[in-house]
Amino acid sequence: KQEVTQIPAALSVPEGENLVLNCSFTDSAIYNLQWFRQDPGKGLTSLLLIQSSQREQTSGRLNASLDKSSGRSTLYIAASQPGDSATYLCAVRQGLGNFNKFYFGSGTKLNVKP
Amino acid sequence: EPEVTQTPSHQVTQMGQEVILRCVPISNHLYFYWYRQILGQKVEFLVSFYNNEISEKSEIFDDQFSVERPDGSNFTLKIRSTKLEDSAMYFCASGEGRGTQYFGPGTRLLVL
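Quick mapping for you: the protein sequence lines, in order, are chains A and B.
To get the numbering used here, take the position in the first sequence, counting from 1, and add 377.
To get the numbering used here, take the position in the second sequence, counting from 1, and add 10.
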């Protein structure tokens with residue numbers, strides 16, 4: 378069974394710092410990987426989606442990379458801001474055709490201090 | 011910008027009662043999902059739905075659970091006889107294809 382792990386579990390950085398969040402998965406046979414942010418008591422907001430054939434995706438200050446063979450993805454946040462404070466989750470999608478299962482990591486709780 | 015909506019935002023029920031959680035996915039989306047998140051734990055996949063039938067379900071999604079798309083806009087999750095351990099945040103999500111999923115704000119279910 379697929380296991381998704383995120384390290385670190387929590388991270389506190391001063392505003393302006395660049396940072397990297399890590400996600401690893403045990404089964405490399407994934408269809409895609411998605412990064413989300415979750416604010417306390419709220420739903421999940423999609424940040425970036427990387428297909429299994431891609432190496433990275435960028436959106437604004439965010440860059441996500443994927444190394445499928447080694448079972449790793451990273452989310453790079455440039456010039457962090459207090460508004461980036463949230464829990465960041467990665468999730469992998471496995472399956473064929475319309476038959477898919479989804480596995481989430483437990484998240485990295487980020488606190489960006491002003 | 012279109013978004014997924016869920017009702018109610020909070021629901022409290024007695025053990026053994028039936029609950030129905032409602033979701034309105036983004037209108038042109040074809041794929042629908044339910045997830046749950048027990049407090050302090052990972053988000054867990056429950057079920058995916060496409061073309062008016064279940065595509066995939068997890069081990070959690072047993073006979074106590076069912077999903078339905080009763081009309082062109084709503085997507086519901088029914089729990090027939092709630093248990094204490096069903097207390098969780100339930101998220102609905104939708105997507106155009108097998109790409110990005112868009113999540114609703116969730117329904118917090120508390121079973122007493």
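Just so you know, even glycine gets a beta-carbon here, dropped at the ideal spot from N, CA and C.
### Message
Taking the beta carbon of V469 of chain A as the centre, do at least 16 other beta carbons fall within 10 Å, making it buried, or is it exposed?
### Response
Counted from its first residue, the first sequence places residue 469 of chain A at position 92. Taking every protein chain shown into account, the CB of V469 of chain A has 16 or more other CB atoms within 10 angstroms, so this residue is buried.
### Closest residue to P18 of chain B among B:P12, B:V34, B:K67 and B:G109 (Cα-Cα distance)
As a first step, residue 18 of chain B is located in the second sequence; it is residue number 8 there, counting from the start. Ranking B:P12, B:V34, B:K67 and B:G109 by Cα distance to P18 of chain B puts B:V34 first.
### Task
Under 6 Å Cβ to Cβ from S389 of chain A, same chain only, skipping five residues before and after it: list those, please.
Taking the first residue of the first sequence as 1, we reach residue 389 of chain A at position 12. Taken in chain order, the residues that qualify are N488.
### Query
How should T485 of chain A be labelled, buried or exposed, when 16 other C-beta atoms within 10 angstroms of its C-beta is the threshold for buried?
The residue labelled residue 485 of chain A in the question sits at position 108 within the first sequence. When all chains shown are included, T485 of chain A counts as buried.
### Query
Going along chain A, which residues have a C-beta under 8 Å from E11 of chain B?
Here residue 11 of chain B refers to the residue found at position 1 when the second sequence is read from its first residue. By Cβ distance, chain A contributes nothing, its closest Cβ being about 12 Å from E11 of chain B, past 8 Å.
### Query
Would S436 of chain A pass as a contact of L443 of chain A if the rule is Cβ separation under 8 Å?
Against the first sequence, residue 436 of chain A aligns to sequence position 59. Against the first sequence, residue 443 of chain A aligns to sequence position 66. Result no, Cβ atoms of S436 of chain A and L443 of chain A do not sit closer than 8 Å.
### Query
Which residue comes first and which comes last in the beta strand (DSSP E) that contains M25 of chain B?
As a position in the second sequence, residue 25 of chain B is number 15, starting the count at 1. It is not in any beta strand (DSSP E) - M25 of chain B carries neither H nor E in the DSSP assignment.
### Beta carbon of L426 of chain A nearer than 8 Å to that of L439 of chain A
Residue numbering aside, residue 426 of chain A sits at position 49 when the first sequence is read from its first letter. Residue numbering aside, residue 439 of chain A sits at position 62 when the first sequence is read from its first letter. Not a contact, by the Cβ cut-off of 8 Å.
### Query
For R108 of chain B and chain A, any beta-carbon pair shorter than 8 Å?
As a working mapping, residue 108 of chain B is identified with position 98 in the second sequence. Yes, R108 of chain B lies at the interface with chain A (some Cβ there is under 8 Å from its Cβ).
### Message
Between B:F85, B:E78, B:E63 and B:F55, which has its C-alpha nearest F71 of chain B's C-alpha?
### Response
In the second sequence, counting from the first residue as 1, residue 71 of chain B sits at position 61. When only C-alpha atoms are compared, the closest one is B:F55.
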